[in-house]
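full-length UniProt numbering applies: residue 1 is where the sequence shown begins, and numbers increase by one. Built from N, CA and C at the ideal position, the CB exists for glycine as well. Each remark here refers to the structure printed beneath this line.
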Amino acid sequence: MWAWWVLVAVPLWVPAATMDFSSERSCNRSRRVLTGSWGIITDGPEKYPEASHCQWLIRASSPEQYITLNVTIIETECSYDHLYVYDGETYNAPMLGVFSGKTKPPQVTASSGAMLILLYSDTNYALDGFVAEYSITDCPLNCSSHGLCENYKCICDELYTGDGCQRQHCPENCGMAHNRGHCYKPLPTLWEIKPAPYCLCNEGYFGDGCSLSAYDSEGGTWHWLWRGGPPLNDRTSHASVYLPHLDRLYVYGGYNLNNILGDLLIYDFGTSVWVNVSDPASQSHLSRRLNSQRTARLKGITEYQVMNSSLLRNLTFSVNSNNTVSVKRKSLAGEAPRTRRMIRPSEEISSIPANHNTRAVNPGPRYGHVMEKYDQHFVLFGGRLISGNDK
1 MWAWWVLVAV PLWVPAATMD FSSERSCNRS RRVLTGSWGI ITDGPEKYPE
51 ASHCQWLIRA SSPEQYITLN VTIIETECSY DHLYVYDGET YNAPMLGVFS
101 GKTKPPQVTA SSGAMLILLY SDTNYALDGF VAEYSITDCP LNCSSHGLCE
151 NYKCICDELY TGDGCQRQHC PENCGMAHNR GHCYKPLPTL WEIKPAPYCL
201 CNEGYFGDGC SLSAYDSEGG TWHWLWRGGP PLNDRTSHAS VYLPHLDRLY
251 VYGGYNLNNI LGDLLIYDFG TSVWVNVSDP ASQSHLSRRL NSQRTARLKG
301 ITEYQVMNSS LLRNLTFSVN SNNTVSVKRK SLAGEAPRTR RMIRPSEEIS
351 SIPANHNTRA VNPGPRYGHV MEKYDQHFVL FGGRLISGND K
């Protein structure tokens with residue numbers, strides 16, 4: 001008896017998301033579009049070639065979905081070969097990050113429904129490249145398993161916050177086991193129906209988890225003072241100065257890979273709160289935090305712990321021939337309008353007549369500038385502006 005075997009070729013389609021051909025060969029000068037909900041991207045099994053580039057475009061099925069990229073391995077020529085990540089389909093889209101070297105970067109999330117990735121190498125050394133994993137979800141980070149996803153937004157559990165519920169309101173339980181603080185849950189008010197809990201640190205402890213001790217003379221340890229989120233967003237090339245009599249850190253300007261910034265931020269160590277001077281809601285948040293702390297501790301707070309509302313309300317800036325930042329206040333009755341020439345958060349000093357050749361304006365967004373403490377004041381000088389000019 002003869003047995004006949006017939007081999008039939010059946011085409012096998014593999015979703016682009018689950019297979020990246022660069023894992024089999026070099027990605028040299030190639031472009032790929034990935035559309036599945038999960039996948040792995042790599043430049044190839046060997047070292048990436050010199051003088052080359054590779055592109056990957058990840059597309060979600062909806063522009064409201066989120067794409068998260070987690071680079072698990074990276075080894076490129078530091079400062080010369082880079083991995084660029086954009087929140088969109090073109091190089092004009094907002095840049096999420098530029099990574100180089102051997103340090104594993106943080107994961108990044110695109111909110112436009114698309115993510116463009118570029119690996120660029122110059123004419124010199126070729127190294128092992130990178131391996132990254134991506135996922136597409138309806139909510140950022142899939143709400144980190146600490147919330148519910150509804151209509152592309154995370155509704156976080158009580159003790160979690162952030163777009164993807166990735167941050168804790170009371171990290172490490174505020175060091176309660178070591179008597180550093182406890183997780184305080186404020187009562188509802190007319191301004192906040194459901195106020196967020198936070199760490200109420202015991203005397204001598206600071207930070208969002210009460211981990212930093214004022215009495216610890218030993219160094220060599222990192223402490224979280226802030227774990228991200230508004231009003232302080234990622235930036236570089238900014239300037240800052242600490243004023244010890246207020247126990248506050250002042251930060252101005254900087255650059256966030258896409259825009260030059262011109263905001264003045266204040267970090268209050270007593271409350272572990274950031275304040276944007278130009279944002280009334282941010283100021284109100286600090287006031288509520290101070291009030292709730294006062295209620296929780298059943299004692300008053302010093303005058304320097306309170307945000308000077310007059311200062312914030314009348315704070316403007318002036319730059320004349322690259323001189324200092326200025327504070328301008330409203331003149332009193334019978335008093336000639338005068339412009340303050342120096343920032344002093346607790347009081348105002350050394351003024352000049354308003355009709356002097358000084359125009360009260362914002363100094364403008366800048367980066368690469370300097371800030372320096374002067375007595376109980378601070379001054380700001382220099383920097384590179386949006387126009388590209390140095391001041």
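Self-check item: Spatial neighbours of ALA214 in its chain, beta-carbon cut-off 6 Å, leaving aside the 5 residues before and after
Solution: GLY204
Quiz item: Anyone know if the C-beta pair for SER100 and ASP81 falls short of 8 Å?
Solution: yes
Quiz item: Which partner residues does ASP268 have in the DSSP bridge list?
Solution: ARG248 and VAL273
Quiz item: Closest to ASN258 by CA distance: which of TRP56, ASP234 and GLU50 is it?
Solution: ASP234
Quiz item: Taking 7 Å as the cut-off, does the CB of MET176 come closer than this to any heavy atom belonging to the ligand ATP?
Solution: The model on display carries no ligand, and the ligand ATP is accordingly not part of it.
Practice problem: Report the partner residues of LEU385 according to the DSSP bridge assignment. | Solution: ARG366
Quiz item: Among LEU34, LEU119, TYR84 and ILE67, which one has its Cα closest to the Cα of LYS47?
Solution: LEU119
Self-check item: Supposed contact pair ASP138 and TYR160 - C-beta distance, whole angstroms, cut 8 Å
Solution: Wrong, their Cβ atoms sit about 18 Å apart, outside the cutoff.
Quiz prompt | Sequence ranges, beta strand (DSSP E) only - wholly within the region 112-193, length at least 3 | solution = 114-120, 129-137, 147-150, 153-156 and 181-184
Quiz item: How about the region 62-80 and the region 100-118: do they share at least three Cβ pairs that are nearer than 8 Å?
Solution: yes
Quiz prompt | Residue span of the beta strand (DSSP E) that contains CYS27, given as start and end | solution = It is not in any beta strand (DSSP E) - CYS27 carries neither H nor E in the DSSP assignment.
Practice problem: State buried or exposed for TRP274, treating a residue as buried only when at least 16 other CB atoms are found within 10 Å of its CB. | Solution: buried
Quiz item: Going straight from the alpha carbon of HIS223 to that of GLY129, what length do you get?
Solution: 32 Å
Quiz item: Between the C-alpha atoms of GLN283 and SER240, what's the straight-line distance to the nearest angstrom?
Solution: 19 Å
Quiz item: Can you tell which of ASP157, SER79, ALA132 and GLY229 has the C-alpha that lies nearest to the C-alpha of SER144?
Solution: ASP157
Practice problem: Would you mind stating whether PRO231 and LEU265 have Cβ atoms separated by less than 8 Å? | Solution: yes
Quiz item: So what does DSSP say about LEU257, is it helix, strand or coil?
Solution: coil
Self-check item: Proximity below 8 Å, CB of VAL85 to CB of LEU57
Solution: no
Self-check item: Residues bridged to CYS199 (per DSSP)
Solution: CYS183
Quiz item: Do GLY209 and GLY175 have their C-beta atoms closer together than 8 Å?
Solution: yes
Exercise. With a threshold of 16 other CB atoms inside 10 Å of the CB of VAL71, please say whether the residue is buried or exposed.
Key: buried
Self-check item: Alpha-carbon to alpha-carbon, PRO197 and LYS330
Solution: Confidence is the limiting factor: at LYS330 the pLDDT is only 40, short of 50, which leaves the residue's position unreliable and the question unanswerable from this model.
Exercise. Flag this pair as yes or no: are the beta carbons of MET371 and TYR252 separated by less than 8 Å?
Key: yes
Exercise. Assign ARG340 to one of three DSSP states: helix, strand, or coil.
Key: Confidence at ARG340 is low in this model, with a pLDDT of 38, below 50, so the placement of that residue is unreliable and no value is reported for it.
Exercise. Return the chain-ordered list of same chain residues with a C-beta closer than 6 Å to the C-beta of CYS149, the five sequence neighbours on each side being excluded.
Key: ASP138, CYS139 and CYS143
Quiz item: What residues in its chain sit with their C-beta under 8 Å from that of TRP191, if we drop five residues either side in the sequence?
Solution: SER284 and ARG288
Quiz item: Nearest CA to the CA of CYS170: which residue from CYS199, CYS154, GLY220 and GLY364?
Solution: CYS199
Quiz prompt | Cβ distance (whole Å) where LEU249 is taken to contact THR271 below 8 Å | solution = Not really, about 12 Å apart at Cβ, beyond 8 Å.
Quiz prompt | VAL98 burial status per 10 Å Cβ neighbour count (16 or more: buried) | solution = exposed
Practice problem: Quick one: which unbroken alpha helix (DSSP H) runs of 4-plus residues sit fully inside the region 63-105? Chain order, please. | Solution: none
Quiz prompt | Cα-Cα separation between ASN202 and ASP216, rounded to whole angstroms | solution = 14 Å
Quiz item: Taking only beta-carbon atoms, is ARG29 less than 8 Å away from chain C?
Solution: Here chain C cannot be found, since the structure has a single protein chain.
Quiz item: Between ILE155 and the rest of its own chain, which residues show a CB-CB distance below 7 Å, the 5 nearest in sequence each way excluded?
Solution: GLY147 and LEU148
Exercise. Hey, could you find the ends of the beta strand (DSSP E) TYR242 is sitting in?
Key: 239-243
Quiz item: How many Å lie between TYR91 and LEU116 at the Cα?
Solution: 8 Å
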